[in-house]
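Chemist: Sharing a structure with you now.
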Amino acid sequence: MIDPSSTKLVSKTTEQSSTGESVQPDISYIKRIDEQSLMHLFDGILKKKPLFIDRERLSTSYIPATLPHREQEITELANILAPALDLNAPSNIIVYGKPGVGKTAAITLVGKELERKAIEIGKRVSVIHINCQYTGTLYRILNTLAQQFIDNLSNDRPFIGLPTDEVYAKTLSLLDTTNRAVIIVLDEIDKLKEDTALYLLTRINNDLHNTKVSIIGISNNLCFTDPLDARVKSSLSQETIVFNPYNAEQLQDILRTRSQQALKPDVLSVEVIPLCAALAAQEHGDARKALDLLRVSIEIAERKCDHAVSSKHVRLAQNKIEKDRIAEVIHSLPAQERLLVHAIRVLQRYNKHMGNPSAMITGELYSQYAEISKTVHYTPLSQRRVADFISELDSLGIISAKVISKGRYGTTREIQLMVPLTELEHILQDDEFTEELGHIKMKNQTKLL
DNA sequence: CCTCCACCGGAACGTGAGGAGT
DNA sequence: ACTCCTCACGTTCCGGTGGAGG
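Our numbering puts the first sequence at residues 999 to 1447.
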């Protein structure tokens, strides 16, 4: 976030000093801002009565000491992992469950307890968490693993620029220096880009003498093992644990427990927790969503200086979360994909103007995109590539793209904007292409009119 | 019933940036 | 300078696909 006023300050002062004359930058107006507003900038905020005691407790990254309604899964995990304390390799586990059902939290909790217990009884047990979304190749996984065991005092460095088999060999030698158990947690294991990685990792114990390794794979996708090699599949899923979605009542429990620790008493109206829970339960019982909703509701109430949070704040929070998400997604898109969003915007505006309620189709959208690209002096990408962008925008929830057959007139995708047009236009207001495309929209419309 | 359109979407491949060892 | 790798981004090719229309 860049504060526009601060950029103005910078540009003004540099402008003055760049004239070449030895003039001191005029800072009188800065003083004015200081004295008149900045001095009191935080006063009002500080005067507001905070509703939080400990905001962190409602953060999705906070891992509480207990996880309500996950006792059974935690016990199961602990039973399977217990052999690690005798330096035996526990069975490999696959943990399934939708986002926000406590998979990662439960495993982190059990992992920490396992490491603590190991220290207590004088054994070496390490639990290493790797997110395959960011570390999706064998090479990177090996590097991450190796880094955990590199002796800080030695000169060993992470290896880059070596053949993968050499990195594998070096990682093994680092792992195998002493008797220990290592549990590798592969979060979002379905994002792993190489099947060979799983093959090697599940057979790693054959190449080790002192260390025992076992794998915990976490996946949202129940079918992710389907395309895998049968040997990998059986070795990876020796044990399977499924985390079912929380229902609304369980979500209420979670929210109550957390808010008791996070908030001052009597801050929440009675309907708030049931409403947050119900809204999150609609989306596959996602506790993260429920917590976000509650936290943002409280923040909104706090900002409005309200003494209690009501359903009104929850609704506002729900809107805000969705708007922020869409805006963030669109702003972070690469230029070509944003040009496609502009094409959608222009077509949607045109259709609305013409009173034409029908959805866009791929061919139509591609032509509009190509025209817009040329206007801003970009080379339009191939239709194949743009088809992938359309799928991506669909999965991001910005549009809905449905494959339909128009019979003799071919197969296409019917594309509908899922964000209100005015909101999309608002989001694109400060986009780098908007100004240049402003007149095109008009030209296009008059031409088509 | 068959044809055929306008795409879909998988597969294979190319390119170039970037990082670090040799 | 070269090697060995990842990774992002893109293209071309081509076998489907499903229903309107002949």
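Virtual Cβ for every residue (Gly too), placed ideally from N, Cα, C.
Counting only runs of 4+ residues fully inside the stretch 1358-1419, write out the alpha helix (DSSP H) ranges in chain order.
Modeler: 1360-1373, 1381-1393
Chemist: Starting from the C-beta of residue 1086, find all residues in its chain whose C-beta is less than 8 Å away, skip the five residues before and the five after it, and write them out in chain order.
Modeler: 1179, 1210
Chemist: Where does residue 1210 fall in DSSP's three states?
Modeler: In this structure, residue 1210 counts as strand in the three-state DSSP scheme.
Chemist: Taking 7 Å as the cut-off, is the C-beta of residue 1093 nearer than that to any heavy atom in the ligand ADP?
Modeler: With respect to the ligand ADP, the structure shown offers nothing to examine, as it has no ligands at all.
Chemist: Alpha carbon to alpha carbon, how far is residue 1428 from residue 1367?
Modeler: 19 Å
Chemist: Grouping DSSP H, G and I as helix and E and B as strand, with all else coil, what is residue 1428?
Modeler: coil
Chemist: At the level of alpha carbons, what is the spacing between residue 1270 and residue 1141?
Modeler: 46 Å
Chemist: Threshold first: 4 residues or longer. Then list the alpha helix (DSSP H) segments lying entirely within the stretch 1307-1359, N to C.
Modeler: Secondary structure remark: continuous alpha helix (DSSP H) runs of at least 4 residues inside the stretch 1307-1359, in chain order: 1309-1329, 1333-1351.
Chemist: If distances are taken between C-alpha atoms only, which option among 1318, 1284, 1259, 1410 comes closest to residue 1064?
Modeler: 1259
Chemist: If you compare alpha carbons, which of 1219, 1165, 1425 is closest to residue 1092?
Modeler: 1219
Chemist: Mind checking whether residue 1079 and residue 1104 have CB atoms under 8 Å apart?
Modeler: no
Chemist: Tell me the rounded alpha-carbon separation between residue 1261 and residue 1268.
Modeler: 14 Å
Chemist: What three-state label does DSSP hand residue 1175 in the structure shown?
Modeler: coil
Chemist: Return helix, strand or coil for residue 1050, following the three-state DSSP convention.
Modeler: strand
Chemist: Starting from the Cα of residue 1232, find the closest Cα among 1173, 1117, 1239, 1200 and give me that residue.
Modeler: Closest option to residue 1232, Cα to Cα, is 1200.
Chemist: May I ask you to verify whether the stretch 1330-1348 touches the stretch 1297-1317, counting CB pairs closer than 8 Å and requiring at least 3?
Modeler: no
Chemist: Taking the beta strand (DSSP E) that residue 1124 falls in, what are its first and last residues?
Modeler: 1123-1129
Chemist: Ordered along the chain, which non-local residues of its own chain (more than five positions away) have a Cβ less than 7 Å from that of residue 1315?
Modeler: 1291, 1294, 1295, 1298
Chemist: Quick check for students: name the residue ranges of the alpha helix (DSSP H) that lie wholly in the stretch 1080-1104, counting only runs of 4 or more.
Modeler: none
Chemist: Apply the 10 Å Cβ neighbour rule to residue 1229 and answer buried if 16 or more other Cβ atoms are within range, or exposed otherwise.
Modeler: exposed
Chemist: Give me the Cα-Cα distance between residue 1122 and residue 1112, rounded to the nearest whole angstrom.
Modeler: Going from the Cα of residue 1122 to the Cα of residue 1112 covers about 10 Å.
Chemist: Rounded to whole angstroms, how far is the Cβ of residue 1414 from the Cβ of residue 1357, which I believe are closer than 8 Å?
Modeler: 5 Å
Chemist: Residue 1237 bridges to which residues according to DSSP?
Modeler: Under DSSP, residue 1237 forms a beta bridge with 1091.
Chemist: Any idea which residues DSSP pairs residue 1180 with across the strands?
Modeler: 1124, 1211
Chemist: Using the C-alpha atoms, what's the distance from residue 1234 back to residue 1084?
Modeler: Whole-angstrom Cα-Cα distance: 21 Å.
Chemist: Buried or exposed: residue 1364, going by 16 or more other Cβ atoms within 10 Å of its Cβ?
Modeler: Answer is buried; the Cβ neighbour count reaches 16.
Chemist: Using a 10 Å radius around the Cβ and a threshold of 16 neighbouring Cβ atoms, would you call residue 1452 buried or exposed?
Modeler: Residue 1452 cannot be examined here, being either before or after the span of the chain that is shown, 999 to 1447.
Chemist: Look at the alpha carbon of residue 1254 and the alpha carbon of residue 1052, and state the distance between them as a whole number of angstroms.
Modeler: 14 Å
Chemist: Measuring CA to CA, which of 1068, 1054, 1038 is closest to residue 1251?
Modeler: 1068
Chemist: Residue range of the alpha helix (DSSP H) that residue 1141 falls in?
Modeler: 1136-1147
Chemist: So residue 1088 and residue 1212 are supposed to be a Cβ contact under 8 Å. How far apart are they, rounded?
Modeler: 5 Å
Chemist: Label residue 1305 either buried or exposed according to how many other C-beta atoms from any shown protein chain fall within 10 Å of its C-beta, with 16 as the threshold for buried.
Modeler: exposed
Chemist: Relative to the alpha-carbon of residue 1246, which residue among 1237, 1303, 1277 has its alpha-carbon at the smallest distance?
Modeler: 1277
Chemist: What's the C-alpha gap between residue 1355 and residue 1275?
Modeler: 35 Å
Chemist: According to DSSP, residue 1266 sits in a beta bridge with which residue or residues?
Modeler: 1307
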